[in-house]
Amino acid sequence: MENLFHVPEQLKVEYQRLKKELLLLKARLQQYEIIETENHRLRDLLESSFRLKNKVLVAEPVAIQLDSFHKKIVINKGESDEGYQGQPILDSSGIMGQIIQINPFSSTVLLITDPNHALPVQINRNGLRAIAIGSGEDDALVLEHLPKPLITDSHLPNNAHVLVGDLIVTSGLGRRFPRDYPVGEVQEILQNPGELSARVVVKPFAQFSKIREVLMVWPNEYKNNY
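Oh and the sequence shown: position 173 is 172 in numbering that gives the first Met the number 0, straight run, nothing missing.
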């Protein structure tokens, strides 16, 4: 009879032990998932660096400013890593920005979504060139001053139109950003009847809301690409 009275207490102790082990296993599983996610991000960056065929270096943000008027990050690489002012910064999906201020061990990057940033681009389908201006929002660039006939004139050949879904890539003009690297895609075309130009909204590919690692790029390392 004495052993029977002790069984419930033993079960309680065993239950508490198993509960602790379960919590520990869940914590370890979360760590594994975090590591797996990080491995995926780094693998994407590595594949991106292979596509570039330029010298690249992975950097991490140490400060982020993403309000409506300023879109900047500070990364943990600088002059000691051979970084330079004006250097392009990318993530695994597209162009992110360029270095505007550099110190020995850190750099400030102006993102392409900042209203003060201008990026030379072209439509991949037909080569039409434009300047992509930051809108102040994380998910929009603006192509301004495009001739309206290129968007509305049905008599033009199809390859002269700007179309929703068009791929926007860097043009390489100015030799600052790598040529033909993805920037985003045309999301919306805004036209006012009384104006001679149209406003084209581009959704950038770079993941500005999920900045974890970025690529510093040396586009002039291989001059034959230009």
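No residue lacks a Cβ here, since even glycine has one placed at the ideal position from N, Cα and C.
The three-state secondary structure of Ser208, taken from DSSP, is helix. Around Phe68, the same chain offers Pro114 and Gly135 as residues with beta carbons nearer than 8 Å, after the five sequence neighbours per side are excluded. When rounded, the separation of the alpha-carbon atoms in Ser79 and Pro103 is 5 Å. Contact between Leu118 and Val182 holds, with the beta-carbon distance rounding to 7 Å and staying under 8 Å.
The DSSP-derived three-state label of Val161 is coil. For the options Ala205, Ile72, Leu162 and Val163, the alpha carbon positioned closest to that of Tyr180 is the one of Ala205. Contact between Pro87 and Phe176 holds: their C-beta atoms lie close to 5 Å from each other, under 8 Å.
Under DSSP, Thr169 shares a beta bridge with Val120. Straight across, the Cα-Cα distance linking Trp217 with Ile122 is about 23 Å. Cα atoms of Leu189 and Met215: separation of roughly 34 Å, rounded to the nearest angstrom. Nearest in C-alpha terms to Asn191, of all of Ala62, Val199 and Val55, is Val199. Within its own chain, the residues whose Cβ lies closer than 6 Å to the Cβ of Val73, once the five positions on either side in sequence are excluded, are Val61, Ala62, Ser105 and Thr107, listed in chain order.
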